[in-house]
Amino acid sequence: QIFDIFVLRLQDCNRKVNQQALEVLALMTPVLGSILHPVLVSVVKAVTENLNSKHMGIYAAAVKVLEAFVAHLDNALLLPVFAHRARYLSSQALLDVIEHLSVLVTSVYPRKPQAIKQYALPTLWFFLGNGVTRVRSSNARAALTRLAKSLYQVMGSKLKEYAASQPERVVKNISDIL
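All residue numbers for the sequence shown refer to full-length UniProt numbering, where the first residue is 1 and numbers rise by one.
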């Protein structure tokens, strides 16, 4: 119940309250650790909504929270939340989440390769199949390229095998990237 109220502060319309809540969350994350797991979905949603903020203090605080999550929480639990959330983001928020997803892939795959297949690959297929590599900015292409290369680094030729069962556009885009 405490986090239900706290999440509202992460989305507060008062910039100072919003920024302070994000900064406190970044500081609390190492201390709370696994206690955050039950509220991860709502907290990640609130934090990622701040990644498109035009207020640099709010944006920087949101990035610090994501970095604290990756450093101090179970990455296998973060992976599905980030992968799902990426589909609903745009602009800078999308770039930041994909960047962090690339980092999660390399840490999760050795322990849970099935999680990568279940969450990270569908996210990559989603963006490659929806023309993100052609339509969006070069930054989006670069972020997706890093994600694909992170996946290829840990999966090797299995990535191409899984891609072969995808629509032709995805197969072409992944082969262009790799």
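Positions of the beta carbon are idealized from the N, C-alpha and C atoms, including for glycine.
Predicted model, so just to flag it, every value in this text is computed and none were measured.
Under 8 Å between C-beta atoms of residue i and residue j
i	j	result
Leu147	Leu101	yes
Ala61	Val7	no
Gln166	Trp125	yes
Thr123	Arg87	yes
Asn50	Asn75	no
Tyr109	Met155	yes
Asn139	Leu95	yes
Asn52	Ser107	no
Pro38	Ala68	no
Arg9	His55	no
Glu99	Ala143	yes
Supposed contact pair residue j and residue i - C-beta distance, whole angstroms, cut 8 Å
i	j	result
Val97	Thr48	6 Å
Phe82	Val44	7 Å
Leu22	Val70	Not quite, the Cβ-Cβ distance comes to about 15 Å (not below 8 Å), so this is no contact.
Nearest neighbour of residue i, chosen from the options [CA to CA]
i	options	result
Val63	Ala164, Val171 and Leu25	Leu25
Arg141	Asn173, Gln114 and Ser42	Asn173
residue 179	Ile58, Lys117, Pro80 and Ala68	In the structure as shown, the chain begins at 1 and stops at 178. Residue 179 is therefore absent and cannot be evaluated.
His72	Leu178, Asn139 and Met28	Met28
Val170	Arg85, Ala115, Gly129 and Lys16	Gly129
Tyr162	Lys149, Lys117 and His55	Lys117
Lys112	Pro80, Ser90, Leu36 and Ser91	Pro80
Leu36	Asp12, Gln114, Phe3 and Cys13	Phe3
residue 205	Glu168, Val103 and Asp176	Here the chain comprises residues numbered 1 to 178, so residue 205 is not present and cannot be evaluated.
Leu89	Gln114, Ala115, Gly33 and Phe127	Phe127
- Task: Any chance you could list the alpha helix (DSSP H) runs of at least 4 consecutive residues sitting entirely within the stretch 77–156, in chain order?
- Result: 91–108, 121–129, 132–135 and 138–155
- Task: Would you mind listing the alpha helix (DSSP H) stretches within the stretch 35–60 that are 4+ residues and don't spill past its ends, in chain order?
- Result: 40–49
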